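Note sheet for the following structure.
Numbering (this note's numbering), first residue to last: -16 to 396.
Structure (structure tokens):
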């Protein structure tokens, strides 16, 4: 089962212009009887049945999806699911059996060797689980090694390498040897080496798996920091769910070579494609996955704060929708405050030129959409009223009530 994340289709074709990288019906089959294996796959046979009959191994089975520019796209699955094979198909370190892989609209599978080498030098870098540092070279020389192989002059490659080391906080270790560094520092050198040629695409294969948990978390933070400073398209292979949830803008789940689901962490938690995906996320703490904007609902009455507004009309809208409170917004949708029917009636009785503002309920400060749910739950539990949620510009997005919060937790559970 293949889930098309963007569902950008024209007939049966997957459009590639919406993505930095696009895969269309990509297969990788290892073995000699490939044609027979493909026929069996298309007839609905699974990985084990195909292997038993043809002795061919299915690495990737009919993958079709897109990777958006500037996102961290995590590929995960159990050992042998095909995730590392899929990653290597993107830059043709492994040749696909069938299908196409496009980068910026160019079909990588049809490129000449010369054009492919140029693409790798110009746009793609790779970071492996193994640090693969040369022990007899300095940190600077290790960082510049790829540029040296590409024929870049010493002055230019050292300039780029030093800048990459500065980006990962290791410029003062430029003259050190690898055996003088900790494991986390060695992986930072590996990351700097990948960044030295200023790629637009970064391919990372279990890059942090060999690190201790604390250092691993630090490297995840480093990757997120670098992404915030200079957005790249990152394809990150991992078998660790916490890592995928923490860094991934979207996640692809693989099973026996098949990409069974692609989506945001929130989408996959709430709507897993099958039992295999559900098992991955069964024990996920959703309070650390969802953010306020993910569960905000548009079920509250909204009133536009403008000259000549009718108090009676506002009260009638609240009555008609069976709501005790309403959200007051400006014409540009910026949140102004929350009123109740009782507070509005009291403001009218007290007189004044602006009963809406006089009726604002105290301490109804909005929650920013990016606030983790874990930081929201306490406020929702303690509040008598639904809590308003706004975007970074203060525009009203919806509200979180106790019932909507409980529904989210129940569905995720």
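Even glycine gets a Cβ: it sits at the ideal position worked out from N, Cα and C.
Note that the structure is a prediction, hence the values are computed from the model and not measured.
query	result
Check whether residue 308 and residue 287 have beta carbons under 8 Å apart	no
Simplified DSSP assignment, three categories, for residue 112	coil
Backbone CA spacing between residue 223 and residue 335 [nearest angstrom]	60 Å
Where residue 172 falls, given that 16 or more other Cβ within 10 Å makes a residue buried	buried
Touching by the beta-carbon criterion (3+ pairs, under 8 Å), the stretch 29 to 49 and the stretch 204 to 223	no
Status (buried if at least 16 other CB within 10 Å, exposed otherwise) for residue 353	exposed
3 or more residues per run - each beta strand (DSSP E) lying fully within the stretch 304 to 345	308 to 312 and 318 to 323
For residue 232 and residue 387, the rounded distance between their alpha carbons	24 Å
Three-state class that DSSP yields for residue 91 in the structure shown	helix
Stretch-stretch touch, CB-based, cutoff 8 Å, three pairs: the stretch 345 to 362 with the stretch 248 to 258	no
CB of residue 230 within 8 Å of CB of residue 57, strictly	yes
Cβ contact check for the stretch 358 to 375 and the stretch 260 to 279: 3 or more pairs under 8 Å	yes
Cβ-based burial, residue 2 [other Cβ within 10 Å; buried from 16]	buried
Residue 238: first and last residue of the uninterrupted beta strand (DSSP E) it sits in	233 to 238
Pair within 8 Å by beta-carbon distance, residue 82 and residue 6	yes
Residue 87 versus residue 4 - alpha carbon distance	6 Å
C-beta atoms of residue 147 and residue 193 nearer than 8 Å	no
Span of the beta strand (DSSP E), counted from its first residue to its last, around residue 34	That residue, residue 34, is in no beta strand (DSSP E); its alpha helix (DSSP H) goes 30 to 37.
Meets three-Cβ-pair contact criterion under 8 Å: the stretch 292 to 303 and the stretch 315 to 331	yes
Proximity below 8 Å, CB of residue 9 to CB of residue 43	yes
Euclidean distance between Cα positions of residue 248 and residue 11	27 Å
Where the beta strand (DSSP E) through residue 196 begins and ends	From DSSP, residue 196 is part of no beta strand (DSSP E) but of the alpha helix (DSSP H) over 196 to 212.
Beta-carbon spacing of residue 144, residue 127 below 8 Å	yes
Beta-carbon proximity check, residue 102 vs residue 84, cutoff 8 Å	no
Candidates 304, 289, 379 and 385, of which the one nearest residue 366 by Cα	385
As assigned by DSSP and simplified to three states, the class of residue 151	coil
Beta bridge counterpart(s) of residue 399 as assigned by DSSP	Because residue 399 is not part of the residues shown, which for the chain are -16 to 396, the question remains open.
Assigned secondary structure, residue 2 (DSSP; H/G/I helix, E/B strand, else coil)	coil
Residues bridged to residue 221 [DSSP beta-bridge criterion]	59
Through-space distance from residue 364 to residue 279, alpha-carbon basis	15 Å
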